[in-house]
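Scroll down for the structure; my scribbles are underneath it.
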Amino acid sequence: MNRLPLLLLSLLTAACQSQPDRPTEPAVPAASSVPTAPKRDTASLVAPSGSPPTLALADNAVQLVNAKTGSTTTIPLGRPFEPLVRTITNVLGEPPARVGVNGECGAGPLKMATWANGLTLAFREQDRGDASPGREWQFAGWSLNPGRGAGRAPATMAGVGLGTTRAEVESAYVIKVVKSSLGYEFSTASGLYGLLDGAGPQARVSALWSGTSCVFR
Numbered sequence: 001m002n003r004l005p006l007l008l009l010s011l012l013t014a015a016c017q018s019q020p021d022r023p024t025e026p027a028v029p030a031a032s033s034v035p036t037a038p039k040r041d042t043a044s045l046v047a048p049s050g051s052p053p054t055l056a057l058a059d060n061a062v063q064l065v066n067a068k069t070g071s072t073t074t075i076p077l078g079r080p081f082e083p084l085v086r087t088i089t090n091v092l093g094e095p096p097a098r099v100g101v102n103g104e105c106g107a108g109p110l111k112m113a114t115w116a117n118g119l120t121l122a123f124r125e126q127d128r129g130d131a132s133p134g135r136e137w138q139f140a141g142w143s144l145n146p147g148r149g150a151g152r153a154p155a156t157m158a159g160v161g162l163g164t165t166r167a168e169v170e171s172a173y174v175i176k177v178v179k180s181s182l183g184y185e186f187s188t189a190s191g192l193y194g195l196l197d198g199a200g201p202q203a204r205v206s207a208l209w210s211g212t213s214c215v216f217r
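Under full-length UniProt numbering, think of the first position of the sequence shown as 1, with each following residue one higher.
The following block contains the structure:
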């Protein structure tokens, strides 16, 4: 009987039994696959291909609405200036007509970006509130007034915008109307404000705003 195979089998068995057991170590992902914290860049909300979403106004926010699916992305207050202005520029197809700081607002200095269609985004300087030290201009509110360009002015998801009648506003929202130094001023409990050019049901909306604004009474 050939004993060579038995000798080789014995040596291999001894070698395997001499190896100490090792605990299984977790796999370390490659650097490129390690997830990173999401950046606060609202430009990523606009798809690079296809039609851009439409812009809608909301209480203390603006919204991006997919015209095909109706899905809505809400951009709340607190977003930084540059990425938000870049996003709205992409949606509207043009940059702001004016950008500047108004130091005479009752709420304190506000940095404002105004588009030709009459939309203004207001930003207040605040602490970053994250790991990055320092301060930045953060989204604080919006206002809508008659524009000087041909671009279509945005409206709320309920269709309330410049030129909407008081009757139409009241069919979409519960509003309170008061006579102020600005004229006939209306408001909702959720934080939408506006002006009417008269008191009757056919009076039309002449301005809208929400959040921090630079309204002088």
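The beta-carbon is built from N, C-alpha and C at its ideal position, and this holds for glycine as well.
- When the five nearest sequence neighbours on each side are left out, the beta carbons in the same chain lying within less than 7 Å of the beta carbon of Pro-201 are those of Thr-165, Arg-166 and Ala-167, in order along the chain.
- Just so you know, the alpha carbons of Thr-156 and Val-169 end up roughly 10 Å apart.
- Gly-118 is the residue among Glu-185, Gly-118, Leu-195 and Leu-84 whose C-alpha sits nearest the C-alpha of Arg-148.
- Secondary structure at Thr-188: coil, using DSSP grouped into helix, strand and coil.
- Of all C-beta pairs linking the segment 135-142 to the segment 67-79, three or more are shorter than 8 Å, placing the two stretches in contact.
- Cβ contact annotation for Tyr-173 (same chain, cutoff 8 Å, sequence separation greater than five): Ala-158, Val-160, Thr-188 and Leu-192, in chain order.
- Of the residues assessed, Phe-216 falls on the exposed side of the cut-off, its CB having fewer than 16 other CB atoms within 10 angstroms.
- Where Ala-172 is concerned, there is no enclosing beta strand (DSSP E), although the alpha helix (DSSP H) around it starts and stops at 166-172.
- Taking the Cα of Thr-54 as reference, the smallest distance to any Cα among Glu-94, Leu-144 and Pro-154 is reached at Pro-154.
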